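Engineer:
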Amino acid sequence: MATESETLQHSGRFRLSALKGKLFEAILVVATLVGLVALVMLFGFMFVDAVSPGSASAEWYLLFFATLVGPVSAFTLYSRRHPAVRSANARASAAVFGGLALSLAAFVVLRAMSPYGPLTYVVTVGSLPLSVAVYGRYAEETYFIGPAMVLATLLAVVWTLGSEVLLTPLLDGIFELGVQLLGGVPVLGSVPVPVDRGLTVTAIAVGVPTLVAANSLLRRQRSLDRLLVVTAVLALSAAGTTGLDGLLRPYLETLSAWVAYGGVVGTPVVGTLALVVTRRRNVRSGLVAAGAAVAGSLLVAVVALTVSVNPRLLVVLALGVGVPTVYVVGRTVLTDRDGRVGVAGPFIIIGGILLGAYIDQSLSVTGPDTWVTPTLLVESWDGLFPTEAGAYPSTVGSIMIVGLMALMAFPIGTGAAIYLEEYAPDSGWQGKLAGVIELNIANLAGVPSVVYGLLGLALFQNFLDYAPGLVFSASVTLGFLILPIVIVSAQEALKSVPDSLREASYGMGASRWQTVRSVVLPEAVPGI
1 MATESETLQH SGRFRLSALK GKLFEAILVV ATLVGLVALV MLFGFMFVDA VSPGSASAEW
61 YLLFFATLVG PVSAFTLYSR RHPAVRSANA RASAAVFGGL ALSLAAFVVL RAMSPYGPLT
121 YVVTVGSLPL SVAVYGRYAE ETYFIGPAMV LATLLAVVWT LGSEVLLTPL LDGIFELGVQ
181 LLGGVPVLGS VPVPVDRGLT VTAIAVGVPT LVAANSLLRR QRSLDRLLVV TAVLALSAAG
241 TTGLDGLLRP YLETLSAWVA YGGVVGTPVV GTLALVVTRR RNVRSGLVAA GAAVAGSLLV
301 AVVALTVSVN PRLLVVLALG VGVPTVYVVG RTVLTDRDGR VGVAGPFIII GGILLGAYID
361 QSLSVTGPDT WVTPTLLVES WDGLFPTEAG AYPSTVGSIM IVGLMALMAF PIGTGAAIYL
421 EEYAPDSGWQ GKLAGVIELN IANLAGVPSV VYGLLGLALF QNFLDYAPGL VFSASVTLGF
481 LILPIVIVSA QEALKSVPDS LREASYGMGA SRWQTVRSVV LPEAVPGI
């Protein structure tokens with residue numbers, strides 16, 4: 001009897017514990033649903049207040065149901081039943097709408113500032129990795145090209161931005177210290193010497209690596225033409241410094257504004273297109289594709305100038321939207337017979353919107369009385385009334401800050417995560433150092449944001465004496481804030497890749513970098 005009583009008591013406790021667990025789970029589900037419903041209601045009230053859907057007539061709803069909702073719904077149901085069509089639709093939509101978003105963001109940023117400065121940076125920063133790729137193809141040594149191009153890009157960015165922001169103030173301090181120590185004797189960079197600080201940075205950037213490369217090649221007894229190629233390649237590293245930046249800018253500023261817009265947007269787009277086509281086919285096809293993209297953008301500009309239309313926006317859209325769309329749609333139509341219908345998805349949406357808007361204007365159908373107007377999106381504050389308000393400055397400022405922050409924090413954070421997970425040793429003093437670094441990164445991820453704000457204030461405004469309100473200061477400060485989070489997130493994504501994939505790659509003779517580039521990173525990209 002005692003045994004049965006203990007069994008019943010244990011069973012009752014187990015049921016009570018299970019009941020508590022189910023009740024706790026139910027409470028969590030209810031709390032989550034309450035939060036989601038409250039959020040949906042909030043956005044619903046905001047949408048109703050902004051758009052005022054009740055002010056639109058029934059004819060307007062029927063019009064857009066016939067031109068937009070109906071065709072899109074039918075195509076969506078069709079694509080859900082055919083995986084190949086759904087995949088092609090996803091690729092085409094990413095090319096069209098992703099390119100449209102990035103192109104418009106680039107246009108508003110370039111419109112808010114002079115496009116000649118970014119064009120100079122695009123030319124100078126892009127020259128160094130391009131020269132490394134050319135040298136690797138000439139030397140037939142491709143095993144180092146991937147890491148070298150990444151490193152060259154980072155060095156070019158550091159030389160371009162860092163030489164202006166950090167290195168030039170450092171040289172100023174060194175020059176002033178030299179004048180004080182030498183009792184007024186002219187030193188390099190002072191006024192009596194006809195060499196400015198930008199050229200000093202150029203000399204450092206070109207001279208030191210050139211001497212190192214020359215010494216290394218002479219020791220290996222390489223041929224003279226190889227030495228000349230490497231010297232020319234390293235000389236292009238000066239393009240990422242303030243010296244040649246000052247030399248290139250006057251010539252670039254003589255170009256038309258639409259050429260500068262097209263250069264900033266088109267250089268990375270055309271370069272990426274040429275690289276992708278070259279990898280899939282050959283160098284000649286890549287050059288032909290790049291030439292066709294440039295010719296198409298020039299044709300758009302000529303047509304716009306002929307009809308007296310400013311071609312800046314049209315050129316940006318042709319390069320940022322037209323080039324990737326033509327490539328993705330053309331390749332899908334030619335190679336994917338089962339899914340080629342899917343490329344019509346984004347065009348059904350755009351066509352439905354344009355057709356509905358055209359009929360709406362032609363028939364004067366009463367639409368919603370919304371305050372989300374072009375004035376709000378593309379104008380600044382002009383007046384004292386809410387109807388004259390504009391979100392353009394805030395939008396452009398946010399895009400510039402977040403974009404520059406991502407350019408600085410994402411490569412550094414991802415690179416640090418790759419080193420800590422794939423290259424850092426587990427033992428010895430290097431392993432202990434890596435452990436200390438990981439511990440500090442985890443601690444920095446929990447530092448309050450106000451501390452980073454105070455750090456940015458002390459560093460940029462008090463120490464470096466920058467003017468308040470600079471985009472660079474805000475971007476770097478925000479980059480400091482998210483850098484630990486990026487590193488930790490990238491580490492977790494890299495840890496999620498099974499070790500069996502790495503071992504299989506090593507077993508096939510791949511190097512560590514080839515394994516990281518071709519096996520680990522593609523699997524970890526969604527998490528990163």
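End of the sequence shown = 528 in my numbering, gap-free, step of one. Note that the Cβ used here is the ideal one computed from N, Cα and C, for glycine as well. As the structure is a computational prediction, the values presented were derived from the model and not from experiment.
(1) By the three-class DSSP mapping on this structure, what secondary structure does Tyr466 have?
(2) Just checking my contact of Val486 with Thr414 at CB under 8 Å: how many whole Å lie between their CB atoms?
(3) In chain order, what residues of the same chain lie with their CB nearer than 7 Å to the CB of Ile441, ignoring the 5 residues before and after it?
(4) Let me make sure I understand the geometry here. Which of Ala434, Leu481, Leu28 has the alpha-carbon closest to that of Met408?
(5) If you scan the region 276 to 310 from start to end, which runs of the alpha helix (DSSP H) of 4 or more residues do you find wholly inside it?
(6) What does the alpha-carbon distance come out to for the pair Pro368 and Leu454?
(7) State the Cα-Cα distance for the pair Thr32 and Leu464, rounded to the nearest angstrom.
(8) In this structure, how does DSSP classify Pro368 when only helix, strand and coil are distinguished?
(9) Rank Ala391, Thr477, Leu494 by C-alpha distance to the C-alpha of Tyr423 and give the top, closest one.
(10) Inspect the beta-carbon positions of Val516 and Ile418 and report whether they are closer than 8 Å.
(11) Whole-angstrom Cβ separation of Pro324 and Ala490, contact assumed at under 8 Å?
(12) Between which two residues does the alpha helix (DSSP H) harbouring Gln361 extend?
(13) Using 8 Å as the Cβ pair cut-off and three pairs as the minimum, do the region 314 to 324 and the region 256 to 267 touch?
(14) Taking contact to mean at least 3 C-beta pairs separated by less than 8 Å, is the region 338 to 358 in contact with the region 81 to 98?
(15) Using three-state DSSP, classify Ile401 as helix, strand or coil.
(16) If you draw a straight line from the alpha carbon of Ala260 to that of Val300, how long is it in whole angstroms?
(17) Once DSSP output is grouped into helix, strand and coil, what is the label at Ile437?
(18) Could you name the residues of the same chain whose beta carbon sits closer than 7 Å to that of Pro311, not counting the 5 residues immediately before and after it, in chain order?
(19) My understanding is that Val109 touches Ile353, with C-beta atoms under 8 Å, so please give their C-beta distance in whole angstroms.
(20) According to DSSP, is Gly117 part of a helix, a strand, or is it coil?
(21) In whole angstroms, give me the CA-to-CA distance for Pro498 and Ala105.
(22) Once DSSP output is grouped into helix, strand and coil, what is the label at Ser103?
(23) Excluding the five sequence neighbours on either side, which residues of its own chain have a C-beta within less than 8 Å of the C-beta of Thr332, listed in chain order?
(24) Would DSSP call Met508 helix, strand or coil?
(25) Classify Tyr358: buried if its beta carbon has 16 or more other beta carbons within 10 angstroms, exposed otherwise.
(26) So the candidates are Met508, Ser73, Phe64; which of them puts its Cα closest to the Cα of Leu355?
(27) Since Val294 contacts Val315 with CB under 8 Å, what's their CB separation in whole angstroms?
(28) If distances are taken between C-alpha atoms only, which option among Glu523, Leu313, Val520 comes closest to Ala101?
(29) Skipping 5 residues on each side, what residues in its chain have a beta carbon closer than 6 Å to that of Val191?
(30) What number of angstroms, rounded off, separates the C-alpha of Gly509 from the C-alpha of Glu421?
(31) Is the separation between the beta-carbon of Tyr327 and that of Leu273 shorter than 8 Å?
(32) Only counting the same chain, and skipping five residues up and downstream in sequence, which positions put a Cβ closer than 8 Å to that of Thr395?
(33) Measuring CB to CB, does Phe460 end up less than 8 Å from Ser473?
(34) Which residue wins for smallest C-alpha separation from Thr373, given the options Thr366, Val51, Leu68?
(35) Do Trp60 and Thr278 have their C-beta atoms within less than 8 Å of each other?
Structural biologist: Let's see:
(1) coil
(2) 7 Å
(3) Pro484, Ile487, Val488
(4) Leu481
(5) 283 to 306
(6) 46 Å
(7) 47 Å
(8) coil
(9) Leu494
(10) yes
(11) Going by Cβ atoms, the distance from Pro324 to Ala490 rounds to 26 Å, so no, they are not a contact pair.
(12) 345 to 363
(13) yes
(14) yes
(15) helix
(16) 15 Å
(17) helix
(18) Trp258, Val300, Ala301, Ala304, Leu305
(19) 25 Å between Cβ atoms; not a contact.
(20) helix
(21) 38 Å
(22) helix
(23) Ala88, Arg91, Ala92, Gly339, Arg340, Gly342, Val343
(24) coil
(25) exposed
(26) Phe64
(27) Rounded, the Cβ-Cβ distance is 11 Å, inconsistent with contact.
(28) Leu313
(29) Note that Val191 has pLDDT 37, beneath the 50 cutoff, so the model's placement of it is unreliable and no number is given.
(30) 21 Å
(31) yes
(32) Val108, Leu377
(33) yes
(34) Val51
(35) no
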